[in-house]
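For reference, the structure discussed in these notes is given below.
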Amino acid sequence: MEKVVLVTYPEPYCIKEAIALANSAGYEVVRIITQKYLRRSRYGLGAGKLNELVNIIKNDKIDKIIFDESLKTSQAYNLAKVLKKEVIDREKLILQIFNKRATTLEAKLQIRLAELKYELMRAKEKVRLEKMGEQPGFYGLGEYEVDVYVNQIKREINFLVKKLADIRRQRAIQRKGREEKELPLISLAGYTGAGKTSLFNYLTGEYLYVSDQVFSTLRTTTRKILNEKNILISDTVGFIRKIPPYMIEAFKSTLEELRFANIVLLVIDASESIEEIETKFNTSFNILLDLEINPSNTIVVFNKLDLTSEEKIKEIERNFDNKGLEYVFCSAKTGLGINMLLDKIRSKLMEEEKVYFLDFQILPLISNTIDFLKSTCNVTIEKMENGIRLKVRGGKTILRRFENQLEYARGNLCIKDRT
Ligand SMILES: Nc1nc2c(ncn2[C@@H]2O[C@H](COP(=O)(O)OP(=O)(O)OP(=O)(O)O)[C@@H](O)[C@H]2O)c(=O)[nH]1
Ligand SMILES: [Mg+2]
Numbered sequence: 084m085e086k087v088v089l090v091t092y093p094e095p096y097c098i099k100e101a102i103a104l105a106n107s108a109g110y111e112v113v114r115i116i117t118q119k120y121l122r123r124s125r126y127g128l129g130a131g132k133l134n135e136l137v138n139i140i141k142n143d144k145i146d147k148i149i150f151d152e153s154l155k156t157s158q159a160y161n162l163a164k165v166l167k168k169e170v171i172d173r174e175k176l177i178l179q180i181f182n183k184r185a186t187t188l189e190a191k192l193q194i195r196l197a198e199l200k201y202e203l204m205r206a207k208e209k210v211r212l213e214k215m216g217e218q219p220g221f222y223g224l225g226e227y228e229v230d231v232y233v234n235q236i237k238r239e240i241n242f243l244v245k246k247l248a249d250i251r252r253q254r255a256i257q258r259k260g261r262e263e264k265e266l267p268l269i270s271l272a273g274y275t276g277a278g279k280t281s282l283f284n285y286l287t288g289e290y291l292y293v294s295d296q297v298f299s300t301l302r303t304t305t306r307k308i309l310n311e312k313n314i315l316i317s318d319t320v321g322f323i324r325k326i327p328p329y330m331i332e333a334f335k336s337t338l339e340e341l342r343f344a345n346i347v348l349l350v351i352d353a354s355e356s357i358e359e360i361e362t363k364f365n366t367s368f369n370i371l372l373d374l375e376i377n378p379s380n381t382i383v384v385f386n387k388l389d390l391t392s393e394e395k396i397k398e399i400e401r402n403f404d405n406k407g408l409e410y411v412f413c414s415a416k417t418g419l420g421i422n423m424l425l426d427k428i429r430s431k432l433m434e435e436e437k438v439y440f441l442d443f444q445i446l447p448l449i450s451n452t453i454d455f456l457k458s459t460c461n462v463t464i465e466k467m468e469n470g471i472r473l474k475v476r477g478g479k480t481i482l483r484r485f486e487n488q489l490e491y492a493r494g495n496l497c498i499k500d501r502t
């Protein structure tokens, strides 16, 4: 294993995550340097810390430096010049992990695409620095060659985008087949290490790879939930803080499955500190919103209940009660709480959303029924020219009952009109 110095932020969860990332990429962290602000213009870090780093490299056997933040080309170059060691920034580190884990063609293409985008952003600057003769590599490139180099990257990007679109289309066809059979789909989402795959394995009887390294899962797998009539569940790749937007874009097709799910289970590791739970919840929830997933189709699953104290559970409940989201506690390891989760899934699947147009004439006949709907379902009312538009989200049985009563009332109205 290559030995590295890790430069990161002083917050415990940042340190923990950065070490996990470094280990997943196959590095051994032998020293850690922290600084509150890592985006200084010349070196990312300040002069004092840079000195500390120089001394560590002088005295210890260090192969590389991992910098837990995105570095501009000029910063990476300045650092490499002073330290005489390769510096890997956070983006590159994540790419290396993705590269190690990728097994499917799609995952490999997505990673190549992300790499090219990383490269494209830095290409011009790199060529400029190399032309100044200060960095070895492809020196002597003229303006013309720079264009050739940049165009080459762009061409490969276009090719990959098309190829990935093909693969996505293929998947959409498969998905359509599933939709036509109307099989409800549940998708697992959440921070890496939350226990999505463990939960998937518990619910399906599968044996997918589970580990405490980051990004254990790099592709979507879909199976039937055991003992349920045709409910499908998908395991997906994990989220992480501060993934650069261009990478999210590259991985979108893997996460895309989430958009077509009837229910998204947002899995959170409840055994971590409240601070960490909040941060990870916010990160994951924002990604779901980015993917245009409706919060009312989401169930937050606090996993690792077996490692969570009574006190912690109460604290989490206090924090989440006012968020207006459904949540449940369980353990993918012991199975505790899983029945409750399945109950929630079943009753959510029973829900649907419908819109009714009711003219003013009919309203007095069904006002009690509407009051009942308001007390049990999610109802929005919009006034129209000659009636109201009623949007209702709720249990299927309640909606059917309402429709029957509506039909009955309309029937009565017809009889009254005729007499
Ligand atoms: N004690 C305990 N450990 C759990 C539980 N669920 C998962 N784990 C452990 O947590 C670690 C991460 O589990 P995974 O299922 O791989 O997590 P993941 O969310 O799929 O992670 P990525 O695939 O990296 O996104 C593993 O070491 C699991 O054994 C649980 O309920 N209790
Ligand atoms: Mg997983």
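Each residue of the sequence shown is one higher than the last, beginning at 84 in my numbering.
Backbone N, C-alpha and C define an ideal beta-carbon position, used for all residues, glycine too.
Only a predicted model underlies this, so the values are computations on that prediction, with no experimental measurement involved.
Could you check the C-alpha separation between residue i and residue j for me, to the nearest Å?
i	j	result
glycine 407	proline 378	9 Å
alanine 159	valine 210	14 Å
leucine 212	leucine 162	13 Å
asparagine 365	lysine 397	19 Å
glycine 127	leucine 136	12 Å
asparagine 402	leucine 456	29 Å
glycine 418	isoleucine 376	27 Å
lysine 245	phenylalanine 298	26 Å
alanine 185	glutamate 202	19 Å
glutamate 393	leucine 282	22 Å
lysine 168	valine 88	11 Å
asparagine 241	glutamate 174	21 Å
lysine 86	isoleucine 256	47 Å
tyrosine 491	aspartate 404	39 Å
methionine 330	valine 170	20 Å
tyrosine 96	phenylalanine 150	16 Å
leucine 338	threonine 117	33 Å
tyrosine 232	glutamine 296	36 Å
glycine 420	asparagine 284	15 Å
isoleucine 314	threonine 300	21 Å
arginine 493	serine 270	41 Å
valine 347	glutamate 409	11 Å
lysine 200	lysine 237	9 Å
lysine 504	arginine 258	This structure cannot settle anything about residue 504, because the visible part of the chain is limited to 84 through 502.
lysine 119	tyrosine 274	24 Å
glycine 478	valine 438	14 Å
arginine 306	phenylalanine 412	23 Å
asparagine 106	tyrosine 92	17 Å
leucine 121	lysine 395	33 Å
Considering only their Cβ atoms, is the gap separating residue j from residue i smaller than 8 Å?
i	j	result
phenylalanine 322	isoleucine 370	yes
asparagine 380	proline 267	no
serine 294	threonine 303	no
serine 414	alanine 272	no
leucine 192	leucine 133	no
aspartate 172	serine 153	yes
isoleucine 445	glutamine 488	no
alanine 108	glutamine 179	yes
asparagine 469	aspartate 442	yes
valine 112	isoleucine 102	yes
leucine 432	valine 384	no
leucine 506	isoleucine 148	No answer is possible for residue 506: the residues shown for the chain start at 84 and end at 502.
isoleucine 399	isoleucine 360	yes
leucine 374	arginine 342	yes
Leaving out five residues on either side along the sequence, give the residues of the same chain with a beta carbon under 6 Å from the beta carbon of residue i.
i	result
phenylalanine 181	Ile194
valine 462	Leu456 and Val475
leucine 125	The sequence shown places arginine at residue 125, rather than the leucine named in the question. Asn161.
isoleucine 326	none
Excluding sequence positions up to five away, which residues of its chain have a Cβ less than 7 Å from the Cβ of residue i?
i	result
glycine 278	Val350, Asp352, Asn386, Lys387 and Ala415
threonine 391	Ala353 and Ser354
arginine 205	Thr156
glycine 288	Leu309
threonine 452	Phe485 and Gln488
Quick one: what's residue i bridged to in DSSP?
i	result
lysine 474	Val438 and Thr463
threonine 305	Ser317
serine 270	Ser317 and Val347
valine 79	Residue 79 lies beyond the stretch modelled for the chain, which goes from 84 to 502, so this question has no answer here.
threonine 381	Val347
isoleucine 171	Ile149
aspartate 404	Partner(s): none; aspartate 404 has no beta bridge.
aspartate 352	Asn386
phenylalanine 364	Phenylalanine 364 pairs with nothing; no bridge assigned.
glutamate 409	Ile382
glycine 127	Arg123
tyrosine 110	Glu85
Can you list, in chain order, the residues of its chain with a C-beta nearer than 8 Å to that of residue i? Leave out the 5 residues immediately preceding and following it.
i	result
leucine 188	Ile250
leucine 247	Glu189, Leu192, Gln193, Leu196 and Ser336
leucine 291	Thr280, Phe283, Asn284, Thr300, Thr304 and Asp318
threonine 362	Tyr96 and Arg324
threonine 480	Met433
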